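Heads up: the structure comes next, in structure tokens.
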Amino acid sequence: MGMVRVILNGKEVEAFDGETILSLARRYGIEIPTLCYYEGFANGSCRICVVEVNGRLMLHV
Ligand code: FES
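Structural data, given as structure tokens:
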């Protein structure tokens, strides 16, 4: 599995290729609250997990 370097909360970190932001954040100890997310499944209805990516609001991507 490949790795990619990304900026997470202003800090450069390594993510697994294809890893979600939610998974990455949790690995680095950053809590993103969720209500309707279950491992491998999300219906996107609660919007509590919205994060900003390059100025755009996104859900557990
Ligand atoms: S946890 Fe509900 S939309 Fe992400």
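Quick note on numbering: numbering that gives the first Met the number 0 labels position 13 of the sequence shown as 12, and the sequence is numbered without any gaps. Beta carbons are placed, not taken as given, at the ideal position from N, Cα and C, and that holds for glycine. In this text, all values refer to a predicted model and were calculated from it rather than measured experimentally.
Item, Value
"Residue 6 burial status per 10 Å Cβ neighbour count (16 or more: buried)", "exposed"
"Any non-hydrogen atom of ligand 1 within 6 Å of residue 25 CB", "no"
"Own chain partners of residue 14 with C-beta closer than 6 Å, once the 5 adjacent residues on each side are dropped", "3, 5 and 23"
"Residue 17 to residue 51 span [Cα, whole Å]", "18 Å"
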